[in-house]
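Numbering (the numbering used here), first residue to last: 7 to 604.
In structure tokens:
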């Protein structure tokens, strides 16, 4: 088996070329190979012939149609003895290639069933047609890149494309959807979840490519945003927004406070300080997707998609930088009067893409003042911000359960009289509702007290995503020295009434160490954790233990149960819950009696 991976700068090791993303060309590819193998490339094969070498051995020559105008890093080839399954979607032949036994057992059928619909969904959404006559997706047993959006010949790690129907209690199906969406997104512009991700990239990257690697986020950040739209399209039972914040926004907020680079860097800085490979990181993918999400929220999705369509059509088969995208968004904003912005799109968005890190907002309820500063680790003496930078921040907010009109914080501190609260303990305010902005929020003691009481009395008055964000923010603020741990714990008193697993998982990852044994040595903390957490965990533990006892098949569509129940149960057992220990022993005994027992 041979498969190529030419991004970012390996095309030059295969054939002589100016290996730069802005130097696009058409390619005529011919591969000479052993007759017992099949050769694949970006375009359909148009001729297969035979030649003999000087020793009289027979070789096959496969010649491919001339490619579309594209960047060198997207050229690709695979030589394999795989089988495939195929279907046609809107005249586009789709083939999924894999090891013969995987195809025979039906393990690539799921990927085949979702690829065509996702492509059509993205075509309709962006109003841009997929320009190639065929799409091959190849499942490689060993592949370092995870997945790659080569135009017309996408390559995947096997685990990102193969779905074994008996694996129904894993999150595999979802990841395949996400990855395929991402890579299909590139086709127009550049672990079921992971596959959907792959598709999206086709538009962002392949059709319109960044001028140079310093704007790689235009490929990957936009594709990462669309992967979740595509995944939800094929798996409507998924809670897209919860998964997006749990898998994308929250992890990158954790990382971004320590990282020295911004989303879009100057070419000179990258040439001097970074390797190109290091740009393929969570900042490019996840921060890029988070900023895109925030942009689509304050523009509205309708205007955002309208601007993207205009951008894709203008720069098809060409290159662009982030300023070109801002220009097209500005054109759409100027042509309507529903959405009013406090500054130009470029000025707003450059404040997020051209400086590193992100802000923390502090709200004073008495005065109604919001101030912003860079989120830094105050416990680290070397961690200071001399730049005095500010962001232009969209602030979605809610008062006493009612959504309020969006406001903008476009200076270091600003007073909003409408945010001054009364003496009533039932008068509360929540900022960044449903995590719509890429920042953290620090409330004064008065509001935190009121929010804590509200959660204990009526947790559902705060949307699930906002509960997740509220608690994650207070733990991050504790860790970085903004508030005391007691303040954070005040907001966890209500947890006996919390029924969302993704929130529980975030709480446990903040309170319970990864290495459980290490804490057993800390005699002071363990009994306190046990006393505090166990009684609050009982309701959600018994809810899910009931399914394990009686009707485990009901959890087949519960994505968060598939990925987070293990942590919940492991913690309950570690804290000594007898019912959990009994259940574990019982399940283990059943498995020992019957190794097929799932």
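Where is the CB? At the ideal position from N, CA and C, for every residue including glycine.
In this text the structure is predicted, and so the values were computed from the model without any measurement.
Annotation: residue 28 is outside any beta strand (DSSP E) and is labelled neither H nor E by DSSP. Collapsing the DSSP output to three states places residue 145 in a strand.
Excluding its 5 nearest sequence neighbours in each direction, residue 64 has C-beta neighbours in its own chain below 7 Å: 41, 56, 58, listed in chain order. Straight through space, the alpha carbons of residue 451 and residue 331 are spaced by roughly 41 Å. From the listed residues 455, 381, 114, the smallest Cα separation to residue 485 is found for 381.
A contact between stretches requires three or more CB pairs, one per stretch, nearer than 8 Å, and the stretch 23-42 meets this requirement with the stretch 65-83. Boundaries of the beta strand (DSSP E) around residue 447: 446-449. With respect to residue 368, residue 377 sits close: the two C-beta atoms are nearer than 8 Å. The three-state secondary structure of residue 45, taken from DSSP, is strand. Residues of the same chain with a CB within less than 8 Å of the CB of residue 83, apart from the 5 flanking positions on each side, are 8, 9, 10, 35, 37, 45, 46, 47, 159 in chain order. DSSP, reduced to helix, strand and coil, places residue 105 outside both helices and strands of the structure shown, so it counts as coil. The straight-line gap separating the alpha-carbon atoms of residue 70 and residue 33 is approximately 9 Å.
Annotation: the continuous alpha helix (DSSP H) that includes residue 355 extends over 351-359.
Note that the C-beta distance between residue 172 and residue 182 is not below 8 Å.
Looking at the backbone, the Cα of residue 214 and that of residue 156 are separated by about 13 Å. Its chain contains 365, 367, 378, 414, 415, 416, 443, 445 as the residues whose beta carbon lies nearer than 8 Å to that of residue 399, once the 5 sequence neighbours on both sides are disregarded; these appear in chain order. Across the structure, residue 291 and residue 363 are spaced so that their CA atoms are roughly 15 Å apart. Of the residues 323, 227, 282, 316, the one whose Cα lies closest to the Cα of residue 298 is 227. Under the three-state reduction of DSSP, residue 420 is assigned to strand. In its chain, beyond the 5 residues on either side, 398, 416 have a beta carbon closer than 7 Å to the beta carbon of residue 349. Secondary structure note for residue 410: its beta strand (DSSP E) is the uninterrupted segment 408-415. In this structure, residue 477 sits near residue 498, with a CB-CB distance shorter than 8 Å. Nearest in C-alpha terms to residue 372, of all of 355, 412, 535, 426, is 426. Secondary structure note for residue 403: its beta strand (DSSP E) is the uninterrupted segment 399-405. Around the C-beta of residue 491, fewer than 16 other C-beta atoms lie within 10 Å, and the residue is accordingly described as exposed.
By the criterion of at least three beta-carbon pairs nearer than 8 Å, the stretch 338-348 is not in contact with the stretch 85-96. Rounded to whole angstroms, the separation of the alpha carbons of residue 232 and residue 248 is 15 Å. A direct Cα-to-Cα measurement between residue 532 and residue 519 gives close to 11 Å.
Rounded to whole angstroms, the separation of the alpha carbons of residue 480 and residue 14 is 39 Å.
Taking the CA atoms as reference points, residue 117 sits about 19 Å from residue 139. Secondary-structure assignment with DSSP links residue 154 through a beta bridge to 161. Taking C-beta atoms under 8 Å as the contact rule, residue 217 and residue 327 qualify, at a distance of about 5 Å. In this structure, DSSP gives residue 52 an extended state, which the three-state scheme calls strand. For residue 538, the enclosing alpha helix (DSSP H) has its first and last residue at 531-556.
In the DSSP assignment, residue 377 falls within the beta strand (DSSP E) that extends over 375-380. Note on geometry: alpha-carbon atoms of residue 154 and residue 113 lie some 20 Å from one another.
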